[in-house]
Amino acid sequence: REITSVSTVTDFQSRRLNIRYQDGPDKKYVNVLNGTAFAIGRTLIAVLENYQQQDGSVLIPDVLQKYLGKEKISQTR
Numbered sequence: 007r008e009i010t011s012v013s014t015v016t017d018f019q020s021r022r023l024n025i026r027y028q029d030g031p032d033k034k035y036v037n038v039l040n041g042t043a044f045a046i047g048r049t050l051i052a053v054l055e056n057y058q059q060q061d062g063s064v065l066i067p068d069v070l071q072k073y074l075g076k077e078k079i080s081q082t083r
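Per our numbering, residue 7 is the first one in the sequence shown, and the count goes up by one each step.
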């Protein structure tokens, strides 16, 4: 499955939203680009599938530890 995407929809969306720009005497519809850095749900599933332990805890991948401030997510009771 993809976890990122980028697409060009030319003027499909801008026509419906009436987004235009002035080019000399003419008004033209802008071209639109869509981009997703990463799909959160799919990314989370990939981490769980690869890092979940037998006890249900999840080891945090090294590259993400500095953002989460921990090495492991455990269930607290």
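Glycine included, each C-beta is placed from N, C-alpha and C at the ideal position.
Alpha carbon to alpha carbon, what distance is there between residue j and residue i?
i	j	result
Tyr35	Ala43	26 angstroms
Lys33	Ser11	30 angstroms
Leu54	Ile79	11 angstroms
Gln58	Thr16	42 angstroms
Ser63	Arg48	19 angstroms
Going by the C-beta, is residue i closer than 8 angstroms to any heavy atom of the ligand ATP?
i	result
Pro67	Summarising the ligand content, the structure contains no ligands, and the ligand ATP is consequently not present.
Measure from the C-beta of residue i to each C-beta in chain D and report whether the shortest distance is under 9 angstroms.
i	result
Ile79	Going by chain labels, chain D is absent from the structure shown, which holds only one protein chain.
List the DSSP bridge partners of residue i.
i	result
Ser63	DSSP, once it has assigned bridges, lists no residue as partnering Ser63.
Arg26	Tyr35
Asn40	Ser13
With C-beta atoms as the reference, is residue i less than 9 angstroms away from residue j?
i	j	result
Ile25	Val38	yes
Task: the region 39-55 in contact with the region 71-79 per 3-pair CB rule at 8 angstroms - done: no
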